[in-house]
Amino acid sequence: IDTENIFNPALINTAEKSALKSLLGISEDDFIVGFCGRICKDKGIRELIDGFRLFKRHNAAAKLLLVGAFDTRDILPADYKKEILGADDIISTGRIVKSQLPLYYSLMDVFVFPSYREGFGMSVIEASAMMVPVLVSRSHGCIDSIREHHTGEYIDISAEGVCYGLMKMTNTDIRKSVGLEGRRFVVENFDFKVMWPAVARFYQDIHHKIL
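First residue of the sequence shown? That's 476 in this note's numbering, and the numbers climb one at a time after it.
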């Protein structure tokens, strides 16, 4: 990813951020739990919602921000979709323009990604690049997207696992530290200026071994 010109919190326009918060009904006191991806069973959305409900018992000001469209194949049960669309404390954006992703990440106090399986958790490193602390499952692909206790925390794919992680992230100092470490981790390891030369060297090594 481009951590300099795209996923860079320093580039967020304060006026645009305030306008988006107003549009989505987010107040300054709200604690925003965020997710970005397909809204479906495979991404752990049921567990995320159930865990969010447990968390709300301890933090009444919390809101859940779901950035992404409902999947038309891996469909959520009707009761979960109804809750997402009808609850006052759940904000569902639907599909958004990709260029607006950094702005949406900037609204989040914590990013939760309880996915059952991934090729690689791209949204996890995008959130980390935006200095958002991350809670992520240990599923294949996701497990390499954080450094535990430094850039994020692993959580069980369960309501209790989600709630436990969120409770830990209510600590402002922890969120700030994890966010800073997360951005540093992504800049040093996943920025395209780092990745593209590494990929080129990988294929060059393979080519030389074949010859």
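Glycine included, each C-beta is placed from N, C-alpha and C at the ideal position.
| Check | Outcome |
| --- | --- |
| Three CB pairs or more closer than 8 Å across the stretch 630 to 643 and the stretch 585 to 593 | yes |
| Three-state class that DSSP yields for Leu578 in the structure shown | helix |
| Helix, strand or coil at Phe545 [DSSP, three-state] | strand |
| DSSP bridge partner residues for Glu491 (one or two, in chain order) | Answer is none; Glu491 lacks a bridge partner. |
| Between the CA atoms of Val662 and Asp525 - distance to the nearest angstrom | 33 Å |
| Integer-rounded CB distance, given that Tyr629 should sit under 8 Å from Gly519 | About 13 Å; that fails the 8 Å criterion. |
| For Phe510 and Ala536, believed in contact at Cβ under 8 Å, the rounded distance | Actually they do not touch by this definition, with Cβ atoms about 18 Å apart. |
| Top-ranked residue by Cα proximity to Met605, from Asp619, Glu558, Arg658, Ser652 | Arg658 |
| From Ala602, Ile632, Ser633, residue whose alpha carbon lies closest to that of Thr626 | Ala602 |
| Cut-off 8 Å between Cβ atoms - residues of its own chain near Ile476, not counting five sequence neighbours on either side | Phe482, Met597, Ile600, Glu601, Ala604, Val661, Phe665, Asp666, Phe667 |
| Within 8 Å, strictly: CB atoms of Arg513 and Gly543 | yes |
| Own chain, CB closer than 6 Å to Lys643, minus 5 neighbours either side, in chain order | none |
| The stretch 492 to 504 touching the stretch 573 to 584, judged by at least three CB pairs closer than 8 Å | yes |
| Three-way DSSP call (helix, strand, coil) for Leu655 in this model | helix |
| Exposure label - Val653; buried when at least 16 CB within 10 Å | buried |
| Own chain, CB closer than 7 Å to Cys617, minus 5 neighbours either side, in chain order | Phe588, Ser590, Glu593, Gly596, Val599, Val611 |
| Of the residues Arg532, Leu539, Lys573, His533, the one placed nearest Asp563, counting alpha carbons only | Leu539 |
| Burial state of Ile566, where buried means 16 or more other Cβ atoms lie within 10 Å | buried |
| Whole-angstrom distance between His533 and Gln575, CA atom to CA atom | 31 Å |
| 8 Å Cβ cutoff, Glu601 in contact with chain B | No chain B appears in this structure, which consists of one protein chain only. |
| Local Cβ density within 10 Å of Ser620, reported as buried at 16 or more and exposed below that | buried |
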